[in-house]
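Read the structure below first, then the notes.
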Amino acid sequence: MEVKAFRWDGEKLWLLDQRKLPELEEWVALEDHLQTAQAIRDMMVRGAPAIGCVASYGFLMGVRKGEDPKVVYEVLRNTRPTAYNLFYALDRMMEAYEKGEDLEKVAKDIELEDYLANKKIGELGNQLIPNNARILTHCNTGALATAGFGTALGVIRQAHYSGKSIFVWVDETRPYLQGSRLTAWELLKEGIPHKIITDSTAGFLMKKGMIDCVIVGADRITRKGDVANKIGTYALSVLAKVHGIPFYVVAPSSTIDHSIESGEDIPIEERSEEEVKRFKDCKLAPEGSPALHLAFDITPAENITAIITEKGIWKPT
Ligand code: MRU
């Protein structure tokens, strides 16, 4: 069965707890907007499009419980600041509430539209992938990060389904390890050949001619094509430029924030230093040393070869 990050049962929202992967596939039921907000903040679910879909169902559950929709909206908005899909989805839900529309239908529409956008993106993006491509990807942009299929990982999936022989270098993605824990898990389930590397390995592989293209997702894209994505993406874009390697960004159009021109105006989430200094029960740094944990960085449009959305292939510069 296709991997899913969440399932709506008509009353409750079920999440696959991504903090426990790959060891445990544990599903958790959420019953209101407060539990939903907590799950997004704690990264039980993550990935910009998945966060947007989950927040829509959270909004629906909160309003069904008789809570003030404005409060529900604010609680869910204040979970993670960078992923634009969260705001896109909540604005749609709020507007639907104000117009007296069927909120459950709108939440389901948001989920379905994301899934269909990913399928379309997969087909478009696949045109850019040559046979025998060795692709580097960062973070997790797969079914776990979306309503299904995935964005950057959706392109990789589609290339594999179309019969191309491809190989994927999976950036581990410190500190939350979305690459090694989640992307590798999805690729393994699909039987797509891959190898995990530490984040600092990519540059040397490029130098040695072992990477043909880089494909990443996005948390927010500005009007001119600057992109916020998982920390480490900017460094990869610079390395790709220096080595003359195509650098593709893949996202649904719901990731584009039309109100912002420059990436400098995108709020960057700063998370707890504890997530850098320990992994689960394992201490990785001395207690007394402070750490900085920026969850995202900005890649300028000029470092991007093309941005692929369900609406087409866009060359920002
Ligand atoms: O902190 P995360 O795991 O939510 O960050 C996820 C990413 O940076 C993804 O690349 C992005 O959201 C696109 S997911 C299709």
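Taken in order, the sequence shown gives residues 65 to 381; the numbers are from our numbering. C-beta atoms are modelled at their ideal positions from N, C-alpha and C, and glycine is treated no differently. Model, not experiment: these values are computed from the prediction.
Coarse secondary structure for residue i, derived from DSSP in three states
| i | result |
| --- | --- |
| residue 263 | helix |
| residue 376 | strand |
| residue 161 | helix |
| residue 85 | coil |
| residue 355 | coil |
| residue 297 | helix |
| residue 213 | coil |
| residue 71 | strand |
| residue 306 | helix |
| residue 362 | strand |
Whole-angstrom distance between residue j and residue i, CA atom to CA atom
| i | j | result |
| --- | --- | --- |
| residue 313 | residue 282 | 7 angstroms |
| residue 79 | residue 336 | 23 angstroms |
| residue 206 | residue 114 | 10 angstroms |
| residue 124 | residue 72 | 11 angstroms |
| residue 239 | residue 339 | 7 angstroms |
| residue 120 | residue 270 | 40 angstroms |
| residue 174 | residue 268 | 41 angstroms |
| residue 155 | residue 256 | 37 angstroms |
| residue 77 | residue 118 | 8 angstroms |
| residue 87 | residue 163 | 44 angstroms |
Cβ-heavy atom distance, residue i to the ligand MRU, below 6 angstroms
| i | result |
| --- | --- |
| residue 294 | yes |
| residue 117 | no |
| residue 335 | no |
| residue 82 | no |
| residue 277 | no |
| residue 112 | yes |
| residue 281 | yes |
Continuous alpha helix (DSSP H) stretch holding residue i: start and end
| i | result |
| --- | --- |
| residue 188 | 167-190 |
| residue 136 | 133-141 |
| residue 117 | 112-128 |
| residue 77 | Per DSSP, residue 77 belongs to no alpha helix (DSSP H); it is in the beta strand (DSSP E), 77-80. |
| residue 200 | Taken as a continuous stretch (DSSP letters only), residue 200 belongs to no alpha helix (DSSP H), being part of the beta strand (DSSP E) at 198-201. |
Start-to-end residues for the beta strand (DSSP E) that takes in residue i
| i | result |
| --- | --- |
| residue 221 | Premise fails: residue 221 lies in the alpha helix (DSSP H), 216-225, not in any beta strand (DSSP E). |
| residue 368 | No beta strand (DSSP E) holds residue 368; DSSP gives it neither H nor E. |
| residue 93 | 91-94 |
Residue ranges of each beta strand (DSSP E) within the region 308-347, 3 or longer: Counting whole runs of 3 or more residues, the region 308-347 contains the beta strand (DSSP E) stretches 311-314.
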